[in-house]
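Here the sequence shown is numbered in the numbering used here, starting from 46 and rising by one per residue. Quick reminder that beta carbons are idealized off the backbone N, C-alpha and C, glycines included.
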Amino acid sequence: MSQGNIRETFKYVSTAFPRFKVSFNQTDQYIIDQLGHFTFLDAWDLNMRGIGLKNVFNGGLYSGNPLLLYNLTKLDSNIILSSLTNFMTNFQTRSPSLNYHLSCGLHGRIHQIQQSFSLTTILLSSQSKQGINQIINLWGKLMLQYYGKEHIKQQKNFHNDFYISKLGYYTDTGAYYWYNKESNLTYEQTFIKLKQYHVQEHIPIQYYELDSYWYYKQNNNTGEHGGIKLYEPRLDIFPNGIEILQRNILQTPLIVHHKYYSTDNLYQNKYQFLNGSDGQVSLPLEQIFFNKIFSQIKQWGVEILIQDWLSSVYEDMPNSSWDVHIAREYHLHLAEGAKQAGIKLIYCMPLNPDILETLENTQVHYMRISDDYSVNINQWNIGRASIITWAIGIIPFKDTFWTNSIQPQSPYGNFTEPNIQLNALIALMSLGGVAISDKIGNTNVTVVNRLCRLDGVLFRPERPATAMDSTFLGSGGPKGEMWHTYSSDAQQSFFVEYIMITNLTESYIFSWNELFNTQEDDNPNRKISDIYLVFELENSRDYYWFTSINSSTILMPSCAQDKLTYYSPFHLFVFVPYSKISNWILFGELSKQLPITRQRFSSIQYSLNESDTFKINVTGVYGEQVWITIGHSEHVFGQIDFYTIQCSFLSIESISTMIITCNTETGCQCNNI
Numbered sequence: 046m047s048q049g050n051i052r053e054t055f056k057y058v059s060t061a062f063p064r065f066k067v068s069f070n071q072t073d074q075y076i077i078d079q080l081g082h083f084t085f086l087d088a089w090d091l092n093m094r095g096i097g098l099k100n101v102f103n104g105g106l107y108s109g110n111p112l113l114l115y116n117l118t119k120l121d122s123n124i125i126l127s128s129l130t131n132f133m134t135n136f137q138t139r140s141p142s143l144n145y146h147l148s149c150g151l152h153g154r155i156h157q158i159q160q161s162f163s164l165t166t167i168l169l170s171s172q173s174k175q176g177i178n179q180i181i182n183l184w185g186k187l188m189l190q191y192y193g194k195e196h197i198k199q200q201k202n203f204h205n206d207f208y209i210s211k212l213g214y215y216t217d218t219g220a221y222y223w224y225n226k227e228s229n230l231t232y233e234q235t236f237i238k239l240k241q242y243h244v245q246e247h248i249p250i251q252y253y254e255l256d257s258y259w260y261y262k263q264n265n266n267t268g269e270h271g272g273i274k275l276y277e278p279r280l281d282i283f284p285n286g287i288e289i290l291q292r293n294i295l296q297t298p299l300i301v302h303h304k305y306y307s308t309d310n311l312y313q314n315k316y317q318f319l320n321g322s323d324g325q326v327s328l329p330l331e332q333i334f335f336n337k338i339f340s341q342i343k344q345w346g347v348e349i350l351i352q353d354w355l356s357s358v359y360e361d362m363p364n365s366s367w368d369v370h371i372a373r374e375y376h377l378h379l380a381e382g383a384k385q386a387g388i389k390l391i392y393c394m395p396l397n398p399d400i401l402e403t404l405e406n407t408q409v410h411y412m413r414i415s416d417d418y419s420v421n422i423n424q425w426n427i428g429r430a431s432i433i434t435w436a437i438g439i440i441p442f443k444d445t446f447w448t449n450s451i452q453p454q455s456p457y458g459n460f461t462e463p464n465i466q467l468n469a470l471i472a473l474m475s476l477g478g479v480a481i482s483d484k485i486g487n488t489n490v491t492v493v494n495r496l497c498r499l500d501g502v503l504f505r506p507e508r509p510a511t512a513m514d515s516t517f518l519g520s521g522g523p524k525g526e527m528w529h530t531y532s533s534d535a536q537q538s539f540f541v542e543y544i545m546i547t548n549l550t551e552s553y554i555f556s557w558n559e560l561f562n563t564q565e566d567d568n569p570n571r572k573i574s575d576i577y578l579v580f581e582l583e584n585s586r587d588y589y590w591f592t593s594i595n596s597s598t599i600l601m602p603s604c605a606q607d608k609l610t611y612y613s614p615f616h617l618f619v620f621v622p623y624s625k626i627s628n629w630i631l632f633g634e635l636s637k638q639l640p641i642t643r644q645r646f647s648s649i650q651y652s653l654n655e656s657d658t659f660k661i662n663v664t665g666v667y668g669e670q671v672w673i674t675i676g677h678s679e680h681v682f683g684q685i686d687f688y689t690i691q692c693s694f695l696s697i698e699s700i701s702t703m704i705i706t707c708n709t710e711t712g713c714q715c716n717n718i
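This is the structure:
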């Protein structure tokens, strides 16, 4: 087969099983053409859904795997189809040579295979009342079981992972200091000034990311393009090296950028590489090379490596797609090197095969599933892609963001950020990195303070926010974005639900039955009441009683995006369980983006006695002033009286706990334990 355009040739398969008929013209009509689909449509596509596969689903590198097909009127009637083995060669496509039928098989660029080589595909159908989120969670669970891999949420101290739990600073695409430093300063001097600013203004940055500007590239290119020539800090960037930068200046964990190697790289005289026929990309072939690279950066204070430009392994290097082993072994070598050094991986710019290939290793913990920040104004829209990555145990990342709409002397020209608070909230709800990237002197501290404690610990949900099932309906569902997640206290005995809406072109009636359609096996008792108190974060005094008893509904208001400015209004609804043994209701810390999370509340307890006692253990750090709002109603569905209690953390311990006690006789008080 002629290689031709690489994107086009990946549409072909040399084997096809299973295979499904898809209409090619207006007269053909098959069942598959009438079903809704949910899948990747162009790598990190922002929509990922539609009706039928004709004219939409091309397959190959950019579509499918997994592919969910569902009944547009009954969301618990669906099937999911995906590769189970050999992800880097096992594709789903509409092959031109097979009348554009949906075909699963060996992609058509492979030159030869061994007799023992095989491909396996999994087809899973839903059970009764099993919606889209639930069947994808089940698919992910089965995939993880097949590879003997635990979900990241099952790992010990999962919530204490610094990337998940703490505020960071990024310098990647969209960041102010991406290939841009302070005037007349080196990058090292810029970082010194940046760190001083963060300390002086009490902006609690707990890690820093160094992007691709710091190492040597092909043909000594000083811009973003070109592969790695030498993975060492350039003398004009960090003259004293990264280890000194980390140990003496930043004094936090580091995240560093890594991409493909160039054909003129300086390692080829010692290690084996495969140089691409395009003259651009070179792949290291030996495990010992990866071990060297990871061991080296670990000594610099690096804890996470970003493997970026993953698409180039196939798109820009034809040779890697001629063999069934090369691309897969690249991923395995990368992961093994990281594992030996104790370094975690973030995948960036992954193609569909790269996403599933993470099932074969334990080191890819995070994945950026958005376009670059500032390149696409709607790149925050990750609610659907997050369903898939979380199902297979990977934490989604939406990329960095600014905390002010304008950055002075920005390298991005007239770019203005219209959705500051929305970006911050989605970063927080994604469970991935919350990393700001403002110019020195231009961080909005109010935005930062709504995200975290004074020590930089973020107020996090228990899982990433994902698009709700009803957003996939052909008609009758919300016309825009409606995402769900939940949080708990540290003891996981008290659960709060969150619904975020944005870009709704018309109002939507939200019903009780939708609230728990993302139920997961790890928290089967999350529904702890048949009655919830619901309020919008920005207007907590306008509350609703929401119950299963009388089929309650809530009118979600329209909040359409401004087509001129791209401003996306949003609303966050908080669902707090009402206890049958108490009339006290926790509204939480309303000045925060997520008012009730385990990072602030270690336990929430009701006591059944004559005085109706309510006890809340509140966690804080020295110097924090925390205001907690609590409601009281004489009876269910009644009027609520509000109490706001101040807790002042004055203990010399870095982290301490205070207790708020409420009862009907004395009201509420906050005291040391």
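I'd like to confirm the pairing. Which residues does DSSP put opposite Trp629 in its beta bridges? His677
Compute the Euclidean distance between the alpha carbons of Leu377 and Thr308, then round it to the nearest angstrom. Computed Cα separation, rounded: 21 Å.
Out of Val369, Leu631, Ser613 and Ile685, point me to the one whose CA is closest to Ile705's CA. Leu631
6 Å Cβ shell around Glu331 - same chain, five flanking residues per side excluded: Tyr316 and Gln317
I believe Thr736 touches Ile432 by the beta-carbon criterion, under 8 Å. Please report the beta-carbon distance rounded to the nearest angstrom. Outside the displayed span of the chain (46 to 718) sits residue 736, for which this structure offers no information.
Let me know if Met46 comes out buried or exposed under the rule of 16 or more other beta-carbons within 10 Å of its beta-carbon. Residue placement at Met46 is poorly supported in this model, since its pLDDT is 34, which falls under 50; the coordinates still yield a value, given next. Result: exposed.
In angstroms with no decimal places, state the Cα-to-Cα distance between Cys604 and Ile427. 18 Å
DSSP three-state label for Asn421, please. coil
Proximity of Tyr611 and Pro463 at Cβ, strictly below 8 Å: yes
Check whether the Cβ atoms of Arg643 and Ser532 sit closer than 8 Å, and answer yes or no. yes
Excluding the five sequence neighbours on either side, which residues of its own chain have a C-beta within less than 6 Å of the C-beta of Ser340, listed in chain order? For Ser340, same chain residues with a beta-carbon under 6 Å away, outside a window of 5 residues either side, are Ala386 in chain order.
Assuming Trp629 and Phe659 make a contact with CB atoms under 8 Å, what is their CB distance in whole Å? 4 Å
Gly150, DSSP secondary structure in three states: strand
Under 8 Å between the Cβ atoms of Gly501 and Ile250? In this structure, Gly501 lies near Ile250, with their beta-carbon atoms less than 8 Å apart.
Can you list, in chain order, the residues of its chain with a C-beta nearer than 8 Å to that of Gln454? Leave out the 5 residues immediately preceding and following it. Leaving aside the five residues that flank Gln454 on each side, the residues in its chain whose CB is nearer than 8 Å to its CB run, in chain order, Lys484.
Which runs of the beta strand (DSSP E) fall wholly inside the stretch 585-635 and span at least 3 residues, in chain order? Taking only runs of at least 3 residues, the beta strand (DSSP E) segments lying wholly in the stretch 585-635 are 598-601, 615-622 and 629-633.
What does Met412 pair with, by DSSP beta-bridge criteria? Tyr392 and Pro441
Please tell me whether Gly104 and Lys66 are closer than 8 Å, where the distance is taken between their beta carbons. no
Could you compute how far the alpha carbon of Pro63 sits from the alpha carbon of Cys149? 6 Å
Boundaries of the beta strand (DSSP E) in which Arg139 is found, first to last residue: Asn135 to Arg139
What first and last residue would you give for the beta strand (DSSP E) that runs through Arg94? Arg94: member of the beta strand (DSSP E) spanning Arg94 to Ile96, first to last residue.
Here's the rule: buried if 16 or more other CB atoms are within 10 angstroms of the residue's CB, otherwise exposed. What is His302? buried
Given Gln48, which residues of its chain have a CB within under 8 Å of its CB, disregarding the five upstream and five downstream residues? Residue confidence is low: Gln48 scores 43 on pLDDT, short of 50, so the model does not pin down where it sits. Its coordinate-derived value is still stated next. Taken in chain order, the residues that qualify are Thr54, Arg154 and Pro363.
Specify, as a first and last residue, the run of the alpha helix (DSSP H) that Val358 falls within. Ser357 to Glu360
If you compare alpha carbons, which of Thr516, Cys497 and Cys713 is closest to Ile554? Thr516
As an exercise, report each continuous alpha helix (DSSP H) stretch of at least 4 residues that is fully enclosed by the stretch 483-509, in chain order. 490-494
Run the CB neighbour count on Ile414, radius 10 Å, all protein chains shown included, and call it buried at 16 or more, exposed below. buried
Ignore the nearest five residues each way along the sequence and tell me which others in Gly219's own chain have a CB closer than 6 Å to its CB. Asp417, Tyr418, Ser419 and Thr445
Taking just the CA atoms, how far does Cys715 sit from Ile675? 12 Å
Could you tell me if Thr434 is buried or exposed, where buried requires 16 or more neighbouring beta carbons within 10 angstroms of its beta carbon? buried
Flag this pair as yes or no: are the beta carbons of Ser127 and Ile167 separated by less than 8 Å? Between Ser127 and Ile167, the CB-CB gap stays under 8 Å.
Run the CB neighbour count on Leu230, radius 10 Å, all protein chains shown included, and call it buried at 16 or more, exposed below. Under this definition Leu230 is an exposed residue.
Taking 8 Å as the threshold (C-beta atoms), are Ile289 and Val347 in contact? no
Neighbourhood of His196 by C-beta distance below 7 Å, restricted to the same chain and skipping five residues each side: Leu189 and Gly438
Ser108 by DSSP, collapsed to three states: which one? coil
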